[in-house]
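Chemist:
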Amino acid sequence: MALMTTQIIEYTSISFYLEVISFMKVFLPLILISIVLILSACSTQQLTPITASESMMGSGSNPVNSENMDMGLASSGATPTPGSMMPTNPEAAHMMEPIGGSNVQPATETSGGQPLPFREENGVKIFELTTKTVQWSILDGVNVTAYTYNGTVPGPMIRVNEGDRVRIIVKNELDDPTTIHWHGVEVPNSMDGVPDVTQTPIQPGETFTYEFIAKPSGTFMYHSHFEGDVQVTAGLYAPFIIDPIEPVAQPDVDVTLMISEWLVRDGRTYAAMPMSGMEPNFFTINGKAFPATETINVKKGERVRIRLIGIGQFIHPMHLHGLPFKIVATDGHPVPEVAQLTKDTVSVAPGERYDIEFVASEPGQWMLHCHILHHTTNDNVEPGGLMLVVNVTE
Ligand SMILES: [Cu+2]
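In structure tokens form, the structure reads like this:
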């Protein structure tokens, strides 16, 4: 009896150990893999915030903070979205510094986009532009520090006829290099203004001369192509209008509106970007926020052309009250009459131009405004931003 009991105990013990060993064979590799994964995840989380905050924040005065900058891109190996922050790239900090310079002057002009006078020599129309940093009023009591052509936002309008030979002499008085791109104009490649691709950048204090035949006719613009994320957003843009040689019916009123955005915080100006912490809090039409925007005065029955130009970094669905319009040209090129849509809202994306036309059939004060309604605020206070009045009188 005693012998039998001992045998049963021994048998039970052996069976138990065999079961434990077979269990370990199946689950031990899984347990080891889990431990390795947990350890590697912990080491990634420790590295990222330190890299982001220390390499990018500098004095801590930038409008972004360490929470919204931690995208974990550097350690994850993920491809960043264009325009997003690159925590390991020291040049990114420069792009987010306040707009400034060693020679910031008060603006001497009050409205931008005005026709630029020229002189004519041997059949060439010669224009002169100087890039400079000025204090520019976008609204009563709100000044921005702006990079400008000739001291205004937008810069002065260059308006010529199709086929004109134009020469534009550009003097750079910024602290940074710059170039000019003639957006939509069919220039020779060497005049296209792309730094280190078609030309060497114009260094501070240097002068560069652009020359080309103005073609085709239409609504175009010129703007910086050097660090455009900053320089264009900070004001280096202006209209370039080429009138057709063939006579076409001219509107009674012809207005050009350039739409852009600003970030003003603690009295300092930053280039507004579509990026967390850098988003705009002011929105301007021709360098002014409502109610400082211009009023378009029209007599009843007149035909009005408005050339809408998107030069900021955001899309703006521009809506006109009371007076439906036709889109007669896109990006400078005429739309055939049969294809002209009748609209009351048109979305203007960065770089786009829409020429819209309407007959001022009804007297009144008709609003033209962006229908992203946050864009009709000044620093979050309504009304403001992208609004103006089309004032139709008898
Ligand atoms: Cu908008």
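In the working numbering, the protein residues as written are 178 to 571.
Every residue gets a Cβ at the ideal spot worked out from N, C-alpha and C, and that includes glycine.
(1) Starting from the N-terminal side, write out each stretch of the beta strand (DSSP E) that is 3 residues or longer and does not extend beyond the region 432-489.
(2) Beta carbon of T472, beta carbon of N568: below 9 Å?
(3) For T272, report the span of its alpha helix (DSSP H) as first-last.
(4) Pick from P416, W313, K520, S437: whose alpha carbon is nearest that of H360?
(5) Is the CB-CB distance between I483 and I533 below 9 Å?
(6) Measuring straight from C-alpha to C-alpha, what distance separates L565 and M544?
(7) Candidates L440, T377, P540, T355: which alpha carbon is nearest H402's?
(8) Would you decide whether R530 is buried or exposed? Buried here means 16 or more other CB atoms lie within 10 Å of its CB.
(9) Would a C-beta distance cut-off of 9 Å place V481 and V432 closer than the cut-off?
(10) Between F459 and I345, which are expected to be in contact by the criterion C-beta below 8 Å, what is the C-beta distance as a whole number of angstroms?
(11) Would you give the residue range spanned by the alpha helix (DSSP H) that V407 belongs to?
(12) What residues match up with D357 in a beta bridge as DSSP calls it?
(13) Which class does T377 belong to by DSSP, given the choice of helix, strand or coil?
(14) In chain order, what residues of the same chain have a beta carbon less than 8 Å from the beta carbon of E539, not counting five sequence neighbours either side?
(15) Out of A466, E274, V515, which has the shortest C-alpha to C-alpha gap to G289?
(16) Taking P451 as the reference, give the member of P428, Q490, I486, E268 with the closest Cα.
(17) Collect the residues with a C-beta less than 5 Å away from any heavy atom of ligand 1 and give them in sequence order along the chain.
(18) Should the region 418-428 be regarded as contacting the region 389-402, the criterion being three or more beta carbon pairs within less than 8 Å?
(19) Give every residue of the same chain whose Cβ lies closer than 8 Å to the Cβ of P494, excluding the five residues on either side of it in the sequence, and list them in chain order.
(20) Rank I390, E305, Q542 by C-alpha distance to the C-alpha of G328 and give the top, closest one.
(21) Report yes if the C-beta distance between D352 and P381 is below 9 Å; otherwise report no.
(22) Which residues in the same chain have their Cβ closer than 7 Å to the Cβ of F295, if we skip the five residues on either side of it in sequence?
Modeler: So, from the data block:
(1) For the region 432-489, the full-length beta strand (DSSP E) segments reaching 3 residues or more read 445-447, 459-462, 473-476, 480-487 along the chain.
(2) Numbered from 1 along the sequence shown, position 295 holds the residue referred to as residue 472. Numbered from 1 along the sequence shown, position 391 holds the residue referred to as residue 568. Against a cut-off of 9 Å, the Cβ pair of N568 and T472 comes out as a contact.
(3) Here the question's residue 272 lines up with position 95 in the sequence shown. Note on identity: in this sequence residue 272 is Met, with Thr being the wrong assignment. Element bounds for M272: 267-272.
(4) Residue numbering aside, residue 360 sits at position 183 when the sequence shown is read from its first letter. Comparing Cα positions, the closest option is P416.
(5) What you label residue 483 is simply residue 306 of the sequence shown in a count that begins at 1. What you label residue 533 is simply residue 356 of the sequence shown in a count that begins at 1. The answer is yes: Cβ separation under 9 Å.
(6) Locating residue 565 in the sequence shown gives position 388, where the first residue counts as 1. Locating residue 544 in the sequence shown gives position 367, where the first residue counts as 1. For the pair L565 and M544, the Cα-to-Cα distance works out to about 6 Å.
(7) The sequence position of residue 402 within the sequence shown is 225, counting from 1. Comparing Cα positions, the closest option is T355.
(8) The count along the sequence shown starts at 1 and reaches residue 530 at position 353. With 16 or more Cβ atoms within 10 Å of its Cβ, R530 is classed as buried.
(9) Numbered from its first residue, the sequence shown carries residue 481 at position 304. Numbered from its first residue, the sequence shown carries residue 432 at position 255. Yes.
(10) Locating residue 459 in the sequence shown gives position 282, counting from the first residue. Locating residue 345 in the sequence shown gives position 168, counting from the first residue. That pair is no contact at about 29 Å.
(11) In the sequence shown, residue 407 corresponds to position 230, counting from 1. For V407, the enclosing alpha helix (DSSP H) stretches over residues 405-408.
(12) Along the sequence shown, one-based indexing puts residue 357 at 180. At residue 357 the sequence reads Ile, which differs from the Asp that was named. According to DSSP, I357 bridges with S401.
(13) Counting from one through the sequence shown, the residue named residue 377 turns up at place 200. The DSSP-derived three-state label of T377 is coil.
(14) To locate residue 539, count along the sequence shown from 1; it is residue 362. Excluding sequence neighbours, E539 sits near K477, G499, L500, V569.
(15) Taking the sequence shown and counting its residues from 1, the one referred to as residue 289 is at position 112. When A466, E274, V515 are compared, the shortest CA-CA separation from G289 is found for A466.
(16) Position 274 of the sequence shown, counted from the first residue, corresponds to residue 451. Across the set P428, Q490, I486, E268, the C-alpha of Q490 shows the shortest separation from the C-alpha of P451.
(17) The answer, residue by residue, is H493, C547, I549, H552.
(18) With the cut-off at 8 Å, the region 418-428 and the region 389-402 touch.
(19) Counted from its first residue, the sequence shown places residue 494 at position 317. If you ignore the 5 residues before and after P494, its C-beta comes within less than 8 Å of the C-beta of T522, V523, S524, V525, C547, H548, I549, all in its own chain and listed in chain order.
(20) As a first step, residue 328 must be located in the sequence shown, where it is residue number 151. It is E305.
(21) Numbered from 1 along the sequence shown, position 175 holds the residue referred to as residue 352. Numbered from 1 along the sequence shown, position 204 holds the residue referred to as residue 381. Going by C-beta atoms, D352 is nearer than 9 Å to P381.
(22) As a first step, residue 295 is located in the sequence shown; it is residue number 118 there, counting from the start. Excluding the 5 residues flanking it on each side, F295 has same chain C-beta neighbours closer than 7 Å at K302, I303, F304, in chain order.
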